[in-house]
Structures are given as C-alpha cells and as structure tokens.
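Worksheet: one structure, shown below.
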Amino acid sequence: MLNTLKDIVRKSSIHVCLVNTGGCNGCDIEVVALLSPRYDLEQYGIYVHNNPREADVILVTGAVTDQWLENLRRIYTKAPEPKVVVAIGNCPLTGDVFNQEGGSVYAPVSDFIPVDAEISGCPPRPSEILEAILSVVPGAIALKGRQNK
Amino acid sequence: MILPIGPIHPGLKEPLRLKLKTQGEKVLSAEIDYGYVHRGIERIMQGQTWQKSIFLAERVCGICSYIHTQTFAETFEKIAGQQVPLRAQYLRVLTNELDRTQSHLLANSTYFKALEHETLFMYMLALREPVMDAIELLTGNRVNMGWNVVGGVRMDARDSHLQKIREIIVKLESEYDKYVEMFAHGPLLGLRSRDVGKLTYDEAIKARAVGPIGRASGLKHDLREEHHTYKDNLDFKVIYRKEGDNFARTMNRFDEIRVSLDIIKQVIDNIPPGDIRTKIDFGAGYDQWRNEAPRGEVTYMIETNGNLIKEISIRTPSIMNIDACAKYMLKDVATVADAVATYATSDPCIACTERVVILDEKEGEKSYQGIHNLNHKTNLINEK
Chain A
59 MLNTLKDIVR KSSIHVCLVN TGGCNGCDIE VVALLSPRYD LEQYGIYVHN
109 NPREADVILV TGAVTDQWLE NLRRIYTKAP EPKVVVAIGN CPLTGDVFNQ
159 EGGSVYAPVS DFIPVDAEIS GCPPRPSEIL EAILSVVPGA IALKGRQNK
Chain B
2 MILPIGPIHP GLKEPLRLKL KTQGEKVLSA EIDYGYVHRG IERIMQGQTW
52 QKSIFLAERV CGICSYIHTQ TFAETFEKIA GQQVPLRAQY LRVLTNELDR
102 TQSHLLANST YFKALEHETL FMYMLALREP VMDAIELLTG NRVNMGWNVV
152 GGVRMDARDS HLQKIREIIV KLESEYDKYV EMFAHGPLLG LRSRDVGKLT
202 YDEAIKARAV GPIGRASGLK HDLREEHHTY KDNLDFKVIY RKEGDNFART
252 MNRFDEIRVS LDIIKQVIDN IPPGDIRTKI DFGAGYDQWR NEAPRGEVTY
302 MIETNGNLIK EISIRTPSIM NIDACAKYML KDVATVADAV ATYATSDPCI
352 ACTERVVILD EKEGEKSYQG IHNLNHKTNL INEK
C-alpha cells in the first residue's frame with residue numbers, strides 16, 4: 059500500500075537539475091524550450107529547478123571539463139536517493155567535436171557518474187528529450203525507490 | 002558578507018560563480034569566476050582544415066551559433082579576397098536575423114524569469130517557437146545548423162519556404178506589440194526595471210560594453226552598418242537609448258527584434274536568383290573579420306596556410322558584457338533579487354567566454370587554460 063502510494067508520488071512529481079558540464083549551450087536552450095507552452099514540461103509534473111539538493115533527475119549536458127572532474131561527483135552525491143541521471147546530447151556520450159587532440163574534455167560522462175538514459179543528437183530536438191525523459195524517468199525512479207527502501 | 006551564487010543555481014542556466022559582497026540586502030560589489038566550460042576549441046582548430054573547424058566554430062556558443070560560422074567563413078573569404086554570390090549573402094542575412102530574433106526573445110524571457118514574471122516568460126518562449134520553426138524550415142536544424150560553408154551556403158532555399166517564413170514573420174509582427182506594451186506600461190515591471198543596474202555612457206566605454214548592452218547606454222555602435230551586404234542592399238536603423246538601466250536594455254532588445262523582422266521581410270522580397278556558392282582559391286595569409294552577433298561584436302582572427310588553420314583567435318562579446326555587469330551594473334544594487342535580474346539583462350553566454358591563452362615567458366611555450374585556471378596559475382607563479 060505504502061509502496062504503491064510512493065510510486066504514484068514519485069512518478070507524478072519530478073524535480074530536475076540541469077548541469078552543463080562543458081557543452082555549447084545548445085542542449086541547455088533546448089531544455090529551456092521545453093518549458094515553453096508548445097511542449098509544456100510542467101503538465102507532466104516535471105519541474106526544472108536547478109537545485110541538486112532536491113533533484114530527482116540530473117540532466118547532464120556537455121562533456122566533462124577540468125573544473126567539473128570533482129564537482130560533478132559532488133553534485134551527484136548531493137542529490138537525494140532515488141535519483142536518475144539523463145545524459146543529453148552527443149557531448150556526454152562521446153565528447154562530440156571537442157574530444158580531439160588538444161581539447162580539454164573528458165568523455166563519456168558515465169566514467170564519472172552512473173548514467174541511466176542517454177539521448178544522442180547535437181542537440182536533440184525538444185520533443186526527443188521530452189519523450190526520453192517521460193519514457194525512462196518515472197519508471198526508473200519508482201524502481202530505484204523500491205530497491206533502496 | 003559574501004553571498005555566492007552558482008555554478009548550479011535556480012537563477013542561472015549556465016555554470017558561473019557570482020560572488021556578491023552584501024551588506025544586509027544591499028549589494029556592494031560583485032566578482033565573477035569563470036572557467037567551468039572551457040573546452041579548448043582554439044587549440045583543437047590549429048592544424049585542421051576549415052571543413053572540420055567550421056563545426057567547432059559553430060559550437061563555441063549554442064545560442065548564437067549561426068554568426069560564428071558566418072564570421073569564420075567570411076574571414077576565409079577575406080583572406081582569399083573573394084566575395085560570395087549575392088543570393089548567398091542574402092540568405093546569410095536572413096538566417097542571421099532569424100537567429101538574432103530568437104536570441105533576443107530568449108534573453109528577454111530569461112530576464113522575466115529572473116523577475117519572477119512567469120506570464121511574460123511564457124509569452125516570450127511561445128513567440129520564440131515559430132521563429133525556431135522558420136530557422137528549421139530554412140536550414141534543416143534548430144540550433145546547430147551547419148548552414149554556412151566558406152564560399153556560400155550549403156543549401157538553396159525554395160520560394161515556397163521563403164514565403165512560409167514571411168507568413169510566420171508577419172504573424173509574429175501582428176501580435177508582437179501587445180507583449181511590448183505589457184512590459185513598457187506594466188507598473189510593477191517598470192518599478193523593478195527602471196533605474197536598476199545602471200551603466201552610464203562613460204562606464205560602458207571603460208568596460209568596452211558591446212551590443213545591446215552598450216547601445217542601451219548610448220553607445221551608437223552596430224557593426225551591421227559596416228557590413229557590405231547590409232550597407233549596399235538593405236535599409237535599417239540602429240536602435241539605441243541613453244538610460245542604461247535594465248528597462249532600457251530590455252526595451253532595446255524588443256526594438257531590435259522589430260528591426261530584424263523588417264530586415265527579414267526586405268530580404269525575402271528582394272532576394273535575387275543565382276548561385277549560392279562559389280569556388281574559393283585558398284591562399285596563405287592572415288586577416289580578421291568582425292560581425293554583429295546578437296550580443297555584440299564577434300571577431301575572428303585567422304592565420305591560414307592554404308586550407309589549413311595555423312593560428313586562430315576568437316573574441317566574443319559576452320566577456321566584455323559580463324565584466325561590465327560585474328563591475329558597474331551590480332554595484333550598489335538595492336536587493337539581491339535585483340542583482341540576479343540585472344545579471345540576466347546583461348545576456349550572459351558563458352560558453353562563449355571560455356577561452357584564454359596564457360603565455361608563460363619563462364618556459365616559452367603556450368598553454369591553453371580556462372580563465373579560472375589562469376588565476377590559479379598566476380598564484381603559482383607568484384609563489385615561485
């Protein structure tokens with residue numbers, strides 16, 4: 059009974075923290091575009107809050123730069139359990155164009171923190187981001203919540 | 002008391018640390034720490050061909066990604082001493098103005114979000130989506146378009162697409178005035194915006210403010226006046242104001258969008274038929290080229306060896322504007338909430354700013370580090 063209730067609550071109220079670890083901003087503005095009336099992220103109970111201490115979902119955009127090597131891990135540990143990490147764009151997956159000789163980025167992000175879902179694209183369209191978040195996140199949060207108890 | 006804001010903070014979309022020195026609610030002064038998204042773009046570009054580098058130039062900044070490729074391509078064309086066909090020039094102007102429109106709408110929406118005026122924030126984003134549709138119709142992508150090449154543009158635009166873009170623009174213009182009125186005559190918005198975060202004419206010159214931030218403080222400087230396509234073929238006037246406060250900066254952006262929409266209509270009505278791409282004879286040489294990005298002037302300095310880039314240096318507008326914001330606008334702001342709003346009006350783009358070259362004379366080699374690391378490194382050198 060309690061578990062079912064918790065599942066419902068976790069699925070219907072999701073707080074999001076957006077962390078740009080060294081991208082070009084493209085993915086960040088596509089996430090901002092999700093707030094617009096056309097996509098309306100908040101109708102699904104998702105709230106972009108940018109506060110790691112009350113985040114259920116951490117959206118990582120960008121490959122990891124020198125400054126983020128330790129800070130990304132710190133932000134990850136600050137978020138309360140259960141938490142889901144979604145990597146948006148090609149940068150957190152492969153480093154994209156920055157992962158070449160001379161670039162000071164480290165990829166993929168999954169070397170540093172566990173990643174639950176990945177969306178490729180440079181940048182992915184807002185509808186793709188929304189679809190990925192909706193199809194993965196509520197179920198993953200509920201599942202992780204039961205495992206932790 | 003020092004109040005740190007960022008790098009991850011509800012008020013900021015991009016990583017940057019803002020240190021406010023406060024007395025009670027009043028902000029006495031501010032300091033800024035950069036360096037969170039330094040990726041080493043200039044270093045990667047060295048020794049690469051332009052075909053590879055143009056995609057890196059596009060990813061200097063995601064919001065004004067278009068103007069970076071245009072400036073990059075035009076620098077190469079200037080080194081070769083050639084000009085692209087007129088139709089390609091017109092198409093470049095068209096995309097540039099669409100990009101400027103969406104960037105200014107996003108900047109204003111961020112300001113309204115910082116003021117906690119959700120209604121106008123949503124209206125601005127709703128207005129922005131049709132413009133993004135127009136960009137997608139023209140170039141095939143919403144943000145990183147890959148539309149410019151050295152010597153022209155990649156794809157031709159169909160007449161039916163151009164007419165559709167014109168329809169979108171006319172529709173946008175017809176409902177646009179309502180929202181500007183909401184801001185210009187809203188009593189609460191006016192109270193929060195007027196005389197907050199003042200940047201005077203002298204301070205704007207001292208801080209080298211550019212773009213809408215400089216123009217709102219009376220600096221009548223718009224590089225579009227000097228650009229050959231605008232100068233020879235198109236008709237527009239530079240918007241500027243004298244007040245230099247948050248209200249002036251936001252209104253300046255609103256008025257510049259009107260000018261941009263007007264230019265888009267002129268382009269679609271007068272676009273000539275012809276080629277969209279010409280063959281460029283690459284030679285060795287050095288040159289620089291400046292363009293008006295949505296946030297101010299962007300400069301590319303490129304030294305080439307034929308097709309390859311020997312040395313490249315990129316100067317983006319945000320770094321001057323953010324410094325002007327930290328040093329002059331945030332000084333003596335009445336409340337911390339206003340300080341965040343003032344920071345939002347300076348339209349910061351952190352991804353743009355993150356590049357610096359450190360010349361370590363003792364070792365005689367160049368190293369490429371972020372600005373945050375620069376402070377760290379100078380400390381190390383001092384300790385030695």
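These protein sequence lines map, in sequence, to chains A and B. Counting in the working numbering, the first sequence runs from 59 upward without gaps. Counting in the working numbering, the second sequence runs from 2 upward without gaps. A virtual CB, placed ideally from N, CA and C, is assigned to each residue, including glycine.
Chain B contact for residue i (CB, 8 angstroms cutoff)
i                 : result
leucine 93(A)     : yes
valine 74(A)      : no
arginine 96(A)    : yes
asparagine 78(A)  : yes
glutamate 176(A)  : no
aspartate 169(A)  : no
glycine 161(A)    : yes
isoleucine 133(A) : yes
glutamine 205(A)  : no
threonine 152(A)  : no
valine 173(A)     : no
glycine 197(A)    : no
asparagine 83(A)  : yes
glutamate 88(A)   : yes
Below-8 angstroms beta-carbon distance, residue i vs any chain A residue
i                 : result
valine 181(B)     : no
glutamate 168(B)  : no
leucine 375(B)    : Residue placement at leucine 375(B) is poorly supported in this model, since its pLDDT is 47, which falls under 50; the coordinates still yield a value, given next. Not closer than 8 angstroms to any Cβ of chain A, the Cβ of leucine 375(B) fails to qualify, so no.
asparagine 234(B) : no
arginine 101(B)   : no
alanine 127(B)    : yes
lysine 378(B)     : For lysine 378(B), the predicted structure reports a pLDDT of 46, less than 50, and the residue's modelled location is therefore unreliable. The matter cannot be settled from this model.
glutamate 130(B)  : yes
serine 388(B)     : There is simply no residue 388(B) to check, as chain B begins at 2 and stops at 385 in what is shown.
serine 175(B)     : no
Residue i, enclosing alpha helix (DSSP H) - first and last residue
i                : result
histidine 186(B) : 160–186
cysteine 353(B)  : 351–354
glycine 215(B)   : 212–217
serine 314(B)    : Segment 309–316 is the beta strand (DSSP E) holding serine 314(B); no alpha helix (DSSP H) there.
glutamate 204(B) : 202–207
alanine 342(B)   : 337–346
alanine 58(B)    : 51–59
Where residue i falls, given that 16 or more other Cβ within 10 Å makes a residue buried
i                 : result
asparagine 97(B)  : buried
arginine 132(A)   : exposed
tyrosine 329(B)   : buried
valine 239(B)     : exposed
isoleucine 206(B) : exposed
glutamate 119(B)  : exposed
methionine 59(A)  : exposed
threonine 135(A)  : exposed
histidine 39(B)   : buried
lysine 280(B)     : exposed
aspartate 114(A)  : buried
valine 144(A)     : buried
serine 71(A)      : exposed
Range of the contiguous beta strand (DSSP E) that encloses residue i
i                 : result
asparagine 142(B) : Asparagine 142(B) -> no beta strand (DSSP E), and no H or E assigned at all.
tyrosine 287(B)   : 286–294
valine 142(A)     : 142–146
glutamate 26(B)   : Counting along the chain, glutamate 26(B) falls outside any beta strand (DSSP E), and DSSP gives it neither H nor E.
cysteine 75(A)    : 72–78
isoleucine 296(A) : No answer is possible for residue 296(A): it lies beyond the span of chain A, which begins at 59 and ends at 207.
Nearest neighbour of residue i, chosen from the options [CA to CA]
i                 : options                                    : result
isoleucine 313(B) : Met321(B), Ala217(B), Glu293(B), Gln289(B) : Gln289(B)
isoleucine 146(A) : Ile87(A), Ser71(A), Asp65(A), Lys64(A)     : Ile87(A)
isoleucine 191(A) : Asn61(A), Val118(A), Asn78(A), Asp65(A)    : Val118(A)
histidine 222(B)  : Gly12(B), Gly297(B), Lys172(B)             : Gly297(B)
serine 166(B)     : Phe113(B), Lys266(B), Asp256(B), Ala285(B) : This sequence places isoleucine at residue 166(B); serine is not what is there. Among Phe113(B), Lys266(B), Asp256(B), Ala285(B), the Cα nearest to that of isoleucine 166(B) is on Lys266(B).
proline 138(A)    : Asp65(A), Lys69(A), Leu63(A), His73(A)     : His73(A)
valine 122(A)     : Arg183(A), Asp98(A), Gly161(A)             : Gly161(A)
aspartate 98(A)   : Gln205(A), Glu189(A), Gly203(A)            : Glu189(A)
glycine 141(B)    : Gly36(B), Gln52(B), Tyr67(B), Thr201(B)    : Tyr67(B)
threonine 343(B)  : Thr300(B), Asp256(B), Lys199(B)            : Lys199(B)
leucine 99(B)     : Glu117(B), Ser54(B), Lys114(B), Met146(B)  : Met146(B)
leucine 57(B)     : Pro140(A), Glu100(A), Gln158(A)            : Gln158(A)
glycine 152(B)    : Thr72(B), Ile170(B), Leu19(B)              : Thr72(B)
Taking any Cβ of chain B, which residues in the stretch 178–192 of chain A have a Cβ under 9 angstroms from it, in chain order? Cys180, Pro181, Arg183, Pro184
Which residues, taken in chain order from the stretch 105–125 of chain B, show a beta carbon closer than 7 angstroms to some beta carbon of chain A? Leu107, Met123
Identify each residue in the stretch 327–351 of chain B for which the Cβ-Cβ distance to at least one residue of chain A is less than 8 angstroms, and report them in chain order. Cys350, Ile351
Chain B contacts from the stretch 101–120 of chain A (Cβ-Cβ distance under 7 angstroms): His107, Asn108, Asn109, Pro110, Gly120
Which residues of the stretch 29–63 of chain B have a Cβ closer than 9 angstroms to any Cβ of chain A? Give them in chain order. Gly36, Tyr37, Val38, His39, Arg40, Gly41, Ile42, Glu43, Arg44, Ile45, Met46, Gln47, Gly48, Gln49, Lys53, Phe56, Leu57, Glu59, Arg60, Val61, Cys62, Gly63
Any residues in the stretch 8–25 of chain B with a beta carbon nearer than 9 angstroms to a beta carbon of chain A? Which ones, in chain order? Pro8, Ile9, His10, Pro11, Gly12, Leu13, Lys14, Glu15, Pro16
Under 8 angstroms (Cβ pairs) to chain A, residues found in the stretch 133–152 of chain B: Met133, Arg143, Val144, Asn145
In the stretch 308–322 of chain B, which residues sit with their C-beta less than 9 angstroms from some C-beta in chain A, listed in chain order? none
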